Each structure stands twice: as C-alpha cells, then as structure tokens.
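Asks:
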Amino acid sequence: MSATDPSLRATVETLYQEHHPWLRGWLQRKLGDSAQAADLAQDTFVRLLLPRAVPQDLHSPRAYLLTIARSLLINHWRRRDIERACLDALAARTAEFALSPEDTRQIVDTLVALDKLLHGLGPQVQHIFLLSQLDGLTYPEIARRLGLSVSQVQRAMTKAIGACFDFATRD
0 MSATDPSLRA TVETLYQEHH PWLRGWLQRK LGDSAQAADL AQDTFVRLLL PRAVPQDLHS
60 PRAYLLTIAR SLLINHWRRR DIERACLDAL AARTAEFALS PEDTRQIVDT LVALDKLLHG
120 LGPQVQHIFL LSQLDGLTYP EIARRLGLSV SQVQRAMTKA IGACFDFATR D
C-alpha cells in the first residue's frame, strides 16, 4: 500500500477521526506543551502513510498509535537534549566565534543524525567507538577495559567507521 492508495487513506482518515483527540491529549500530558503535542500527534498519523505502516489486521489501534507516538516522543526528547547541550557549548564561545542561527541549526541537525547513526550500531559498537574517539583510548586499552580481544575492538571500529563514512558521503 502507498500513501495514494484509497483504502490506506480511508483507514488513516478513520484512525485520525477516532483517535486524534485522545492521542493529542496523551502527548499533551507527556510534554506539557499543546503545540508540541499537536505536532507529534500529526507526525504519528503521517507515519501511518508510509508503506506497510498500517497492519492489515489492526486490532488495537490505540496501542499501535502509542507505539509510534512513543518513538517520536523519544526522538523529540533526544533531539531536545542534544540541542540543549550544543547550544550550551556554543554559548560558551566568544563573540568573535559566534555562529549564525543557520549554522547552529545545521550543527544540531548533524549531531542528531550522528546520534541516530550511533544508536543504530548497537550498544557495544557504540561504546567502543566513543571510547576510541571521545576518550582517546587505544584498541588494546578498550579491549582490556571491556574484556574483549583487540580483533573484536577492531571489527567494531571498522563497522562504526564504515557507518560514519556512509553518513559523510550520503546525498
């Protein structure tokens, strides 16, 4: 099914009419912000228009909508935390190194995308990558710290660096 499929559009329209106020209220209670709640509720229903987003036999629409909304909410909070940390770090810069709002937005967007990439690598690969790149540990030091072989650390770093390369060269 695609977003232009009449049956999908009818299903999403029905779900929207029956559950949008409830979902928006749930998000409002979680966020304490009606505008953000409205945006995330809307994004939840937009996700339903993606191919294969709505199961054929949807027996628990609210549970399904909550699953999507929770994912969006976690992404929202993660982005907010990254943005706050980035803005705090940039605020500490002197005026001569100040960035434009556009540059700041681009930095935040890149950091959010990198965070998503790192979370997609799995916890162990992510941990190894951060120990190497942020803490400056060598592969043998990481291996000792985590109880791994150096070759396991090398494989994890190869995976992480490959993912970073793919990220850097994407269109």
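Taking numbering that gives the first Met the number 0, the leading residue of the sequence shown gets 0, the next gets one more, and so forth.
Note that beta-carbon positions come from the ideal geometry of N, C-alpha and C, so glycine has one too.
As the structure is a computational prediction, the values presented were derived from the model and not from experiment.
Thinking residue 127 and residue 162 are a contact (beta carbons under 8 Å), I'd like their distance in whole angstroms, please.
Replies: To locate residue 127, count along the sequence shown from 1; it is residue 128. To locate residue 162, count along the sequence shown from 1; it is residue 163. About 12 Å separates the two Cβ atoms, so there is no contact after all.
Asks: When the Cα atoms are used, what is the spatial distance from residue 37 to residue 76?
Replies: Start at 1 with the first residue of the sequence shown, and residue 37 comes out as number 38. Start at 1 with the first residue of the sequence shown, and residue 76 comes out as number 77. Distance between the alpha carbons of residue 37 and residue 76 is about 15 Å.
Asks: For my contact list, residue 72 and residue 115 are in at a C-beta cut-off of 8 Å; report their separation, rounded to the angstrom.
Replies: As a first step, residue 72 is located in the sequence shown; it is residue number 73 there, counting from the start. As a first step, residue 115 is located in the sequence shown; it is residue number 116 there, counting from the start. Contact flag wrong, Cβ pair sits at about 15 Å.
Asks: Between the region 41 to 48 and the region 83 to 102, do at least 3 Cβ pairs fall closer than 8 Å?
Replies: no
Asks: On a Cα-Cα basis, can you pick out the residue from 102, 35 and 147 that is closest to residue 79?
Replies: Against the sequence shown, residue 79 aligns to sequence position 80. When only C-alpha atoms are compared, the closest one is 35.
Asks: Can you grab the Cα-Cα spacing for the pair residue 101 / residue 107, in whole Å?
Replies: Residue mapping note: residue 101 aligns to position 102 of the sequence shown, counting from 1. Residue mapping note: residue 107 aligns to position 108 of the sequence shown, counting from 1. Approximately 10 Å between the Cα atoms of the pair.
Asks: With distances taken between CB atoms, is the gap from residue 7 to residue 53 smaller than 8 Å?
Replies: To locate residue 7, count along the sequence shown from 1; it is residue 8. To locate residue 53, count along the sequence shown from 1; it is residue 54. Between residue 7 and residue 53, the gap from beta carbon to beta carbon is short of 8 Å.
Asks: With DSSP run on the structure shown, which of helix, strand or coil describes residue 157?
Replies: Residue numbering aside, residue 157 sits at position 158 when the sequence shown is read from its first letter. Note: residue 157 maps to helix in three-state DSSP.
Asks: Which residues in the same chain as residue 47 place their Cβ atom closer than 7 Å to its Cβ, once the five residues preceding and following it in sequence are excluded?
Replies: Counted from its first residue, the sequence shown places residue 47 at position 48. Residues 11, 14 and 53 of the same chain have their beta carbon placed closer than 7 Å to that of residue 47, with the five preceding and five following residues left out of the count.
Asks: Which of helix, strand or coil does DSSP assign to residue 97?
Replies: Along the sequence shown, one-based indexing puts residue 97 at 98. It is coil, neither helix nor strand.
Asks: If I measure Cβ to Cβ from residue 125 and keep anything under 6 Å in the same chain, skipping five residues before and after, which residues do I get?
Replies: Here residue 125 is taken as the residue at index 126 of the sequence shown, counted from 1. Around residue 125: 117.
Asks: Rank 61, 56 and 9 by C-alpha distance to the C-alpha of residue 20 and give the top, closest one.
Replies: Taking the first residue of the sequence shown as 1, we reach residue 20 at position 21. It is 61.
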